[in-house]
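Numbering (my numbering), first residue to last: 57 to 322.
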């Protein structure tokens, strides 16, 4: 997501999750509750441009905000946004403070153990950031063995960087901090989502450049919701299918990124 956030893998306590699953077995499907309320409650940070942030007149805007509104429209309900810090957003979903999260949440096996996900609506990959004056070209994460790599604490990229032995992984609260250290040559490169890299470089006003895409395969971004809601799962996937077919997802992607990121990375 963090900056980019759009990633996290949290330790979870088994007993509360089991109790929630047992309670959910007798509860109404989420789709029935959403339809009855006439509202889809959407969790997001609201501090994560260009995905979701406060713009003019303090109104929420961004790619994920637009996608969430479009999904709610397809479901025939109104969107209601609930801004939540990244560190507590999963707990908020599990506690029922909102129905879904639309905040660049990557699909991982660990998350699928405790949450259900829609079909992906964005595909991305990990990309390096380097200094403009650095002539070295790191093509793979393995090229950074013995080098210092800046990442956001708790992000997917932290986990990815640590999966390669020999990289000196330096963690930071967010992108602004590691970008400043990168420009000051305190780290050799930084790692984030390819969707964010150009935006971060542009807004940092630092002498940085985009590096190589280093993660093999696509990173799938989807909409998580609580387990055991099959009717809602079908309706949510149908809504995304419709938005893909009618061109809405592509239009929104081009609006915010200048390219169609709703298709797998080639």
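In this text, a Cβ means the ideal position worked out from N, Cα and C, and glycines have one as well. This one's a predicted model, so the numbers in the text were calculated from it and none came from an experiment.
For residue 145, the uninterrupted alpha helix (DSSP H) run begins and ends at 145-150, by DSSP.
Per DSSP, residue 211 lies in no alpha helix (DSSP H) and is assigned neither H nor E.
Collapsing the DSSP output to three states places residue 119 in a helix. Looking at the DSSP output, residue 186 shares a beta bridge with 265. Membership of residue 257 in the alpha helix (DSSP H) is indicated by the continuous run 250-260.
Distance check between residue 94 and each of 105, 244 and 136 places 136 closest, using alpha-carbon atoms only.
Assignment of beta-bridge partners to residue 180 by DSSP yields 275. Remark: C-beta atoms of residue 183 and residue 253 approach each other more closely than 8 Å.
By the Cβ test, the segment 150-162 is not in contact with the segment 233-247, since fewer than three Cβ pairs between them sit closer than 8 Å. For residue 136, the uninterrupted beta strand (DSSP E) run begins and ends at 134-139, by DSSP. Excluding its 5 nearest sequence neighbours in each direction, residue 278 has C-beta neighbours in its own chain below 6 Å: 163, 173, 174 and 176, listed in chain order. Contact check between the segment 122-139 and the segment 299-312: three or more CB pairs, one atom from each, fall below 8 Å, which counts as touching.
In the same chain as residue 86, and ignoring 5 residues on each side of it, the C-beta atoms closer than 8 Å to its own belong to 155, 281, 282, 285, 287 and 288, in chain order. Taking C-beta atoms under 8 Å as the contact rule, residue 244 and residue 181 fail to qualify, at a distance of about 20 Å. Inclusion of residue 263 and residue 240 in the CB contact set at 8 Å is not warranted, their separation being larger than that value. Taking all protein chains in view, the Cβ of residue 101 is crowded by 16 or more other Cβ atoms within 10 Å, so the residue is classified as buried. When rounded, the separation of the alpha-carbon atoms in residue 296 and residue 303 is 11 Å. As DSSP reads the structure, residue 245 sits in a beta bridge with 205. In the DSSP assignment, residue 86 falls within the unbroken alpha helix (DSSP H) covering 86-93. Secondary structure note for residue 293: its alpha helix (DSSP H) is the uninterrupted segment 286-301. Residue 223 and residue 197 do touch by the CB rule: their CB atoms are close to 7 Å apart, below 8 Å. Spanning the alpha carbons of residue 91 and residue 207 requires a straight line of approximately 41 Å. When DSSP states are grouped into helix, strand and coil, residue 305 belongs to the helix group.
For the pair residue 130 and residue 185, the Cα-to-Cα distance works out to about 38 Å. Beta-carbon to beta-carbon, residue 171 and residue 99 are separated by about 12 Å, too far to satisfy the 8 Å threshold.
Boundaries for residue 192: no beta strand (DSSP E) harbours it, and the DSSP string shows neither H nor E there.
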